[in-house]
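Since the structure comes first, as structure tokens, the remarks are kept for the end.
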Amino acid sequence: MSLKKSRVIAVIGSFILSFIFHFAYELFPNFIFSIIFPVNESVWEHMKILYSSIVFYGIIDYFIGKKFNLKYNNFLFNLCFCSFVSILIYLGLFLPIYYKIGESMFLSISILLITYIIVYIISYYILKSDEFDYNYVWIILLLIGYIVFGYLTYHPVKNQLFFDTHHEIYGIKKRNWLFL
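Okay, so the sequence shown: first residue is 146 according to our numbering, each after it adds one.
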């Protein structure tokens, strides 16, 4: 298997995980899942789908790379960078359309796929580039990403990005998180 083929598989794998992750909190409502997966239908909560799909597929990808002896340079940097940049790419493509025509599931899913394609093209070049170190930094940044998601789930900013128009709420329905 080549690095290019592994990136194509990564697009497909992340895209499939997105559909599973969309409903994960609904199926298993608990504190950990509220941080990792969307708890409502707001645009912001759906960014967890992008972030988590790339992170979790990255774990699968690591083992695929080992099995097929693929040389992945900068693997953790790639995982961290692609997780964060996917949010910027998606919002950059999605928000102008959303503000012009409103919500469209077809457009949301199409932009999601386009985002994965762009992100994994970038990933290809990062994984091919010369190796650099500081792996622990990238792990810390990935964890900080989840800390930010968790904080904003329980303390959302009161603006349209965080508002769930379906349930007319911001963030998670207030519950005692110990007993979710």
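Virtual Cβ for every residue (Gly too), placed ideally from N, Cα, C.
Assignment of Tyr235 by DSSP, reduced to helix, strand and coil, places it in the helix class. With 16 or more other CB atoms across the displayed protein chains lying within 10 angstroms of its CB, Thr260 is buried. Taken in chain order, the complete alpha helix (DSSP H) segments of 4 residues or longer contained in the stretch 184-255 are 188-212, 220-246.
Between Leu306 and Ser187, the gap from beta carbon to beta carbon is short of 8 Å. Note that the C-beta distance between Lys193 and Phe182 is below 8 Å. When rounded, the separation of the alpha-carbon atoms in Gly290 and Phe229 is 8 Å. Between Asn219 and Ile271 a beta carbon distance of about 5 Å is seen, short of the 8 Å cut, so the two are scored as contacting. Around the CB of Gly247, fewer than 16 other CB atoms lie within 10 Å, so the residue is classed as exposed.
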